[in-house]
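A.B. asks: Below are the structure tokens for one structure; questions will follow.
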Amino acid sequence: MSKREAFLDSACKENVEDFLRFIQLHKDKTEPFDVEEVVQEMSREQRLALWRRLETLLQDVLLELPPQRWEEQMQQESAPDPKRVVAVVDGVTLVAATSVKVLQDGDTYDALLQIAHRLHDVLVSLPGSEAHLQLHIQTLFEAWWKKGLQEREKFGRVTFLISLQKSFALQKPGAEIQRVWSLHKVLLTLDYELDNKQLTDLLLQCVQHPAYIRNDDGKRFLVFLFSWNVDFICVIHGTIKNQLQFYNKGMISQISEIYFRAWKKASGAFLEKIENSCIQDFMQNAILLHRASPVHSKVRQIMSYFHSRKGCHSVDKMLFDLYKPILWKALSVPNFEVRANATLLFTEAFPIHDPDQTNTEMDTNIQKQLDAAMSLLDDPHPTVRSNA
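Be aware that the sequence shown starts at 21, since it is given in the working numbering, and climbs by one per residue.
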């Protein structure tokens with residue numbers, strides 16, 4: 021009997037010990053048995069038969085001992101043995117994940133889909149002690165999502181949510197954050213307008229979690245969140261603002277980069293919302309907040325990040341348009357502290373110009389700014405004069 025036939029024959033309740041032995045041989049790298057190689061070499065009819073037999077095997081073992089009872093049964097000697105049931109489920113998951121890899125266009129995979137449904141139910145009921153099996157089912161569903169197979173939304177969503185939750189609980193969440201980023205387009209299948217409080221709460225945890233802010237894939241994900249739903253932008257911005265006072269300079273630098281990248285990628289209503297509700301709001305705060313406020317230096321640092329990107333047409337245009345209705349007015353208000361704050365922004369961002377203007381218009385505009393700077397040197401308050 022060939023390896024293919026022997027493996028196919030083992031995929032049933034009666035021969036389950038043989039099935040588990042094959043899975044163990046596969047995991048033992050010194051042994052010449054590879055599940056992917058065997059499944060790849062099977063004919064289409066053999067693969068269909070394998071999936072049908074595994075679906076029945078999975079159904080049988082889960083009826084014997086549902087995952088809700090695994091933890092309880094681990095504490096006592098009983099039949100069926102929960103460790104054996106877990107091993108069978110893990111083995112079926114391994115074969116399913118391998119099958120997704122080798123799936124070819126035109127293949128019928130109804131039985132494989134039924135296996136995925138049963139594993140979905142296992143995943144949402146798994147006790148915390150079965151972290152390895154949870155990871156293996158997640159990996160299967162991640163591959164299912166990426167392959168674009170039937171009902172990918174269902175399987176993509178559950179593993180996306182679990183990855184989000186795990187990324188907050190782990191001491192080293194890098195791999196889980198990478199998985200979150202690899203599944204980020206799952207969000208596009210979810211409607212922000214519907215009752216998704218659990219999801220939005222998790223996303224807002226990402227926004228304020230240092231591991232996401234510092235991690236490259238985490239930053240990519242946070243930038244992406246600004247493009248999920250235009251109304252969610254203000255929620256993100258409010259959450260970040262509430263945390264600013266607790267962040268050091270290094271974290272503020274990362275947050276500045278996230279805002280800048282989100283702005284660069286945005287267009288249409290998303291761009292307008294980021295400019296008017298986020299960047300201009302930071303400008304307003306940098307002007308109006310008391311200097312003793314724990315947040316003032318943080319918003320100044322964020323604006324400095326944008327000022328340092330001047331010299332690019334889009335950045336220059338954005339700064340000119342957003343400062344125009346607020347900065348010049350603030351330079352002449354009665355409150356000296358507001359004038360002083362505005363002076364700091366003005367001198368750091370100088371010259372603030374519209375790159376779409378003609379040379380003559382630009383020269384006139386810059387001359388007005390020079391005149392404004394000279395008048396600030398004669399301001400009645402020493403703090404304003406010092407800043408100028």
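Where a beta carbon is used, it is the ideal one built from N, C-alpha and C, also for glycine. All of these numbers come straight from a predicted model, not from anything done at the bench.
Rank Ser202, Ile278, Ala195 and Gly270 by C-alpha distance to the C-alpha of Val227 and give the top, closest one.
C.D. replies: Ile278
A.B. asks: Give the single residue among Gln134, Glu292, Val353 and Pro375 whose Cα lies nearest to the Cα of Cys332.
C.D. replies: Pro375
A.B. asks: Where does Asn385 fall in DSSP's three states?
C.D. replies: helix
A.B. asks: By the 10 Å Cβ neighbour count, where 16 or more other Cβ atoms means buried, how is Lys186 classified, buried or exposed?
C.D. replies: buried
A.B. asks: For Asp336, does the count of other Cβ atoms within 10 angstroms reach 16, so buried, or fall short, so exposed?
C.D. replies: Of the other Cβ atoms in all chains shown, 16 or more fall within 10 Å of the Cβ of Asp336; this residue is therefore buried.
A.B. asks: Can Arg64 and Ala31 be called in contact, C-beta distance under 7 Å?
C.D. replies: no
A.B. asks: Buried or exposed: His46, going by 16 or more other Cβ atoms within 10 Å of its Cβ?
C.D. replies: Residue burial is scored here from C-beta neighbours: His46 has at least 16 other C-beta atoms within 10 angstroms and is therefore classed as buried.
A.B. asks: Taking the Cβ atom as the reference point for each residue, do Tyr212 and Phe252 lie within a distance shorter than 7 Å?
C.D. replies: yes
A.B. asks: Using the Cβ count rule (16 or more neighbours within 10 Å means buried), how would you classify Phe39?
C.D. replies: buried
A.B. asks: Quick one: Cα of Val250 to Cα of Trp283, how far?
C.D. replies: 13 Å
A.B. asks: Just curious, the alpha helix (DSSP H) that Cys298 is in, first and last residue?
C.D. replies: Annotation for Cys298: no alpha helix (DSSP H) segment contains it, and DSSP assigns it neither H nor E.
A.B. asks: Taking contact to mean 3 or more Cβ pairs, one atom from each stretch, closer than 8 Å, check whether the stretch 283–298 and the stretch 309–317 are in contact.
C.D. replies: no
A.B. asks: One question on the structure: do His373 and Asn385 come within less than 7 Å of each other, judged by their Cβ atoms?
C.D. replies: Going by C-beta atoms, His373 is nearer than 7 Å to Asn385.
A.B. asks: Within the same chain, show all residues whose beta-carbon is closer than 7 Å to that of Val58, passing over the 5 residues directly before and after it, in chain order.
C.D. replies: Lys23, Arg24 and Phe27
A.B. asks: Under DSSP, the alpha helix (DSSP H) around Cys32 begins and ends at which residues?
C.D. replies: Taken as a continuous stretch (DSSP letters only), Cys32 belongs to no alpha helix (DSSP H), as it is neither H nor E.
A.B. asks: In chain order, what residues of the same chain have a beta carbon less than 8 Å from the beta carbon of Leu339, not counting five sequence neighbours either side?
C.D. replies: Phe326, His327, Lys330, Ala369 and Ile372
A.B. asks: What's the C-alpha gap between Lys261 and Leu78?
C.D. replies: Taken atom to atom, the span from the alpha-carbon of Lys261 to that of Leu78 is near 49 Å.
A.B. asks: Give the straight-line distance between the Cα atoms of Ser145 and Lys166, rounded to the nearest whole angstrom.
C.D. replies: The straight-line gap from Cα to Cα measures roughly 24 Å.
A.B. asks: Are Glu171 and Gln134 touching if we call contact CB-CB under 7 Å?
C.D. replies: no
A.B. asks: Excluding the 5 residues flanking Ala117 on each side, which residues of the same chain have their C-beta closer than 8 Å to its C-beta?
C.D. replies: His156, Thr159, Leu160 and Ala163
A.B. asks: Since Leu203 and Ser183 are thought to touch, with beta carbons under 8 Å apart, how far apart are those beta carbons, to the nearest angstrom?
C.D. replies: Ser183 and Leu203 do touch by the CB rule: their CB atoms are close to 7 Å apart, below 8 Å.
A.B. asks: Given that a residue counts as buried once 16 or more other Cβ atoms are within 10 Å of its Cβ, and exposed if not, what is Lys344?
C.D. replies: exposed
A.B. asks: Within its chain, find whatever has a CB closer than 8 Å to the CB of Lys121; leave out the 5 residues flanking it on each side and keep chain order.
C.D. replies: Excluding residues within five positions, the ones whose Cβ falls inside 8 Å are Glu56 and Ala163.
A.B. asks: Let me check understanding here. Comparing Cα to Cα, which of Gln124, Thr128 and Val178 lies closest to Val142?
C.D. replies: Val178
A.B. asks: Do Ser247 and Ile322 have their C-beta atoms closer together than 7 Å?
C.D. replies: no
A.B. asks: Please list the terminal residues of the continuous alpha helix (DSSP H) segment that includes Glu357.
C.D. replies: Segment Phe356 to Ala369, the alpha helix (DSSP H) holding Glu357.
A.B. asks: Exposed or buried, Asp391, counting other C-beta atoms within 10 Å across all chains shown (16 or more means buried)?
C.D. replies: With fewer than 16 Cβ atoms within 10 Å of its Cβ, Asp391 is classed as exposed.
A.B. asks: Does Ala282 come out as helix, strand or coil in the three-state DSSP assignment?
C.D. replies: Ala282 falls in the helix class under three-state DSSP.
A.B. asks: Could you check which residue in Pro87, Leu342, Thr378 and Phe241 has the C-alpha nearest to that of Asp301?
C.D. replies: Leu342
A.B. asks: Just checking my contact of Ile233 with Gln265 at CB under 8 Å: how many whole Å lie between their CB atoms?
C.D. replies: With 8 Å as the limit, Ile233 and Gln265 do not qualify as a contact, their Cβ atoms being about 15 Å apart.
A.B. asks: Would you tell me roughly how many angstroms separate the C-alpha atoms of Leu82 and Val105, rounded to the nearest one?
C.D. replies: 8 Å
A.B. asks: Is DSSP giving Ile233 helix, strand or coil here?
C.D. replies: Helix, per DSSP.
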